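Numbering (mature numbering (1 follows the signal peptide of the UniProt record, and there is no 0)), first residue to last: -25 to -1, 1 to 491. We put the beta carbon where it would ideally sit given N, CA and C, even for glycine. This structure is a prediction, so every number in the text was calculated from the model and none was measured. Below: one structure, written as C-alpha cells.
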C-alpha cells in the first residue's frame, strides 16, 4: 500500500476532511471522488468507517469516522487518534462534485497508560465554507474556501482528572482561507499530492497555569501572522507503514513543504514567585521550510526585520534588541549510506542592535562601538551515516553498542563572519578527515587542510576593555602575545591575518611557521 507522511496527513488530511480551479474537460463522479478520498485516508494510516447511501447523483456518508494508532518516539503504541467527521455529502454538479462537510469536527486523542494524556479533544470549526472537486479520475483538484477556520482545546483529561480551561487553554484561527489540492492516481492510490494554501491572517493563543498551585506560576502567549501562504508537494511510496518516517525515506519518499508570512507579532507573560516576566516580538516577514529528497532532510527557518522587548524583574530596564535577519538552514543525510553524502549548514544573525539604555549600564562612556553585530556561518561538506538516524530501533542499538552514528568526511567553510564591539573576524577554509586516525588529535578524526582568518579592530577592542576595567593589563598582554603567535599584520591599520594549515601526521603551520 502506498503511504503518505505524517506532515502531509496532518495538513491535506484535515483539508480533505474539512478543504475554484476551473473544471477540466472530463468529469468526476461522487463515487470516484469518495474512492480517492478514502484511499488517501487509508494510505495515511487511518481506518475509515461510514454508512454509505447513494441516491442518483448524491452520495451520503453518515457517521464518517477516521481512526489511527498513535505511536511514541520508540515506535510503541501510546493511544488512538480519532476524527469524528460526521455526515459527508457528495453531490454531482455539472461534471464536478460539491462536498458538504460539517461546520464542526472533533479530533480526539485517547492515551494508553502514562505516555500521553488520558483524553484530549480538539474542536475544529468552519464558517462560510465551500468545497468543490473537479478534474478527472486520474487527477482531481480539491478546491476549498472558507471565511474562517478555528481550532481550540475543548477537553483535556490527565490521570483521570479533567483540566479546566482556567488552567489550560489553546486556540488557533485562520481567516479568509483558500486551499487547492491536486491529487493524482487514477486507481484511487493518491500517488502524488500538491497543495497551495492562502490565509489573510493566522492568530493563536496559549495559556497555562500550574495545576497543583496556581500561585506557583502561569504563562500566556498570543500571536498573529498576516498574509500566510503554504505550499507543499509529496509523492506516496510503497513498502512502508504510515507514520514510519524512517522506512518511508528508505522506500524513496520525496516531498517538500513551506510556510511564509508577513507582519508577524508575538506577546507573552509569565508569572511566578519571583515576579512577572513579559515581552513581545515583531517581524516584517518570515518563512519555514521542510524537504525530503535522496535520503536527506532539509530545514530552513528565517525571519527579517525583527524586534524584541522583554521585561524581567531582576533587570532595571527593558531588554530590547533589533535584528535585520535571523536564519537557520540545514540539509543533512539521514539514511544509512556506503559513500559520503553532502550536507550543508547556514546560521545567520545579522545586524543585531541593542538599545542604548542597555549599553549605558556597562559602558556609560561609550568606549565600545555600538554598531550592529553580525554572526554568520556557512558550511558545506560530506558525511557518511552508518544508520538511519530517524529509526529509533537502529539508534537504540547503536547507543547500546557504543558505536558511532556516522563519520565526517569533508568540511568547507564557505563563509565565517563575526563582528561586534568594533572588531570583525572573517574566514574561509576546507578540510578532509581521516577517520582511520583517531589518535593524532585525541579521539577526533585527523583533519588535513587549511583555513584563512582575517581579524580587524582587535587591538582597539582590547584597549577599550582595559580602559573599562573588564580586562586587566596582564590579561591584555597575554591576548596580544597569543595573536602574534598565530597571525601577522595585515595591510591596513589594526588588522591581522592568519593562514592555518594542518598536514599529514598532525603537523600544524601558522603563516608558514610550524607550531606543531
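Selection from the options that minimises the alpha carbon distance to residue i
i: residue 12; options: 64, 31 and 46; result: 64
i: residue 493; options: 94, 259, 93 and 388; result: Past the boundaries of the shown model lies residue 493; the chain is included only from -25 to 491, so the question cannot be answered.
i: residue 187; options: 349, 485 and 139; result: 139
i: residue 498; options: 69, 44, 61 and 415; result: With the chain running from -25 to 491 in the structure shown, residue 498 is simply not present.
i: residue 200; options: 211, 227, 239 and 258; result: 239
i: residue 236; options: 262, 211 and 78; result: 262
i: residue 110; options: 137, 143 and 7; result: 7
i: residue 16; options: 470, 427 and 39; result: 39
i: residue 424; options: 478, 436, 321 and 374; result: 478
i: residue 101; options: 130, 153 and 455; result: 153
i: residue 353; options: 289, 318, 333 and 390; result: 390
i: residue 453; options: 113, 437, 464 and 427; result: 437
i: residue 295; options: 285, 96, 126 and 18; result: 285
i: residue 545; options: 249, 67, 105 and 402; result: Within the shown structure, residues of the chain are numbered from -25 to 491, placing residue 545 beyond reach of any answer.
i: residue 293; options: 335, 234 and 156; result: 335
i: residue 95; options: 132, 248, 105 and 59; result: 132
i: residue 314; options: 265, 384 and 445; result: 384
i: residue 134; options: 89, 409, 151 and 299; result: 89
i: residue 401; options: 415, 463 and 350; result: 350
i: residue 168; options: 148, 230, 177 and 223; result: 230
i: residue 93; options: 77, 136, 357 and 484; result: 136
Backbone CA spacing between residue i and residue j [nearest angstrom]
i: residue 72; j: residue 378; result: 56 Å
i: residue 74; j: residue 87; result: 35 Å
i: residue 115; j: residue 122; result: 23 Å
i: residue 417; j: residue 460; result: 23 Å
i: residue 256; j: residue 241; result: 5 Å
i: residue 165; j: residue 386; result: In this predicted model, residue 165 has a pLDDT of only 48, less than 50, meaning its place in the structure is not dependable; the value taken from the coordinates is given anyway. Using only the alpha carbons, I get a separation of about 40 Å.
i: residue 206; j: residue 61; result: 28 Å
i: residue 107; j: residue 372; result: 49 Å
i: residue 212; j: residue 394; result: 47 Å
i: residue 253; j: residue 180; result: 15 Å
i: residue 10; j: residue 347; result: 58 Å
i: residue 233; j: residue 172; result: 10 Å
i: residue 158; j: residue 57; result: 23 Å
i: residue 359; j: residue 221; result: 17 Å
i: residue 279; j: residue 129; result: 35 Å
i: residue -13; j: residue 20; result: With a pLDDT of 46 at residue -13, under the threshold of 50, the predicted position of this residue should be treated as unreliable, and no value is reported.
i: residue 289; j: residue 198; result: 26 Å
i: residue 146; j: residue 80; result: 15 Å
i: residue 82; j: residue 127; result: 10 Å
i: residue 281; j: residue 203; result: 17 Å
i: residue 449; j: residue 488; result: 26 Å
i: residue -1; j: residue 118; result: At residue -1 the pLDDT is 39, less than 50, meaning the model places this residue with poor confidence; the figure from the coordinates comes in the next sentence. Distance between the alpha carbons of residue -1 and residue 118 is about 16 Å.
i: residue 184; j: residue 246; result: 9 Å
i: residue 482; j: residue 267; result: 40 Å
i: residue 269; j: residue 451; result: 51 Å
i: residue 411; j: residue 420; result: 7 Å
i: residue 492; j: residue 322; result: Absent from the model: residue 492. The displayed extent of the chain is -25 to 491, so no value can be given.
i: residue 476; j: residue 144; result: 57 Å
i: residue 300; j: residue 26; result: 53 Å
i: residue 455; j: residue 491; result: 20 Å
i: residue 97; j: residue 248; result: 32 Å
i: residue 310; j: residue 429; result: 38 Å
i: residue 312; j: residue 403; result: 28 Å
i: residue 41; j: residue 47; result: 20 Å
For residue i: DSSP bridge partner residues
i: residue 146; result: 127 and 180
i: residue 209; result: 168 and 230
i: residue 68; result: 71
i: residue 7; result: Paired residue(s): none; residue 7 is not in a bridge.
i: residue 429; result: 401 and 472
i: residue 391; result: 352 and 402
i: residue 200; result: 177
i: residue 494; result: Because the chain is modelled from -25 through 491, residue 494 falls outside the range shown and cannot be assessed.
i: residue 158; result: 115 and 168
i: residue 81; result: 98
i: residue 488; result: 485
i: residue 251; result: 246
i: residue 121; result: 152
i: residue 357; result: 317 and 385
Residue i beta carbon near the ligand NAP (any heavy atom closer than 7 Å)
i: residue 256; result: Judged by which ligands are present, the structure shown has none, so any question about the ligand NAP falls away.
CB contact check: residue i to chain B, cutoff 8 Å
i: residue 459; result: Any reference to chain B falls outside this structure, which holds one protein chain only.
Kindly provide the ranges of any alpha helix (DSSP H) runs that are 4 or more residues long and lie completely inside the stretch 256 to 338, ordered along the chain. 331 to 337
Under 8 Å, with one C-beta from each stretch per pair, do the stretch 365 to 381 and the stretch 326 to 333 reach the 3-pair mark? no
Any contact of the stretch 272 to 281 with the stretch 296 to 315, i.e. 3+ C-beta pairs under 8 Å? yes
Does the count of Cβ pairs from the stretch 429 to 438 and the stretch 464 to 474 closer than 8 Å reach three? yes
Three or more beta-carbon pairs under 8 Å between the stretch 357 to 373 and the stretch 337 to 349, yes or no? no
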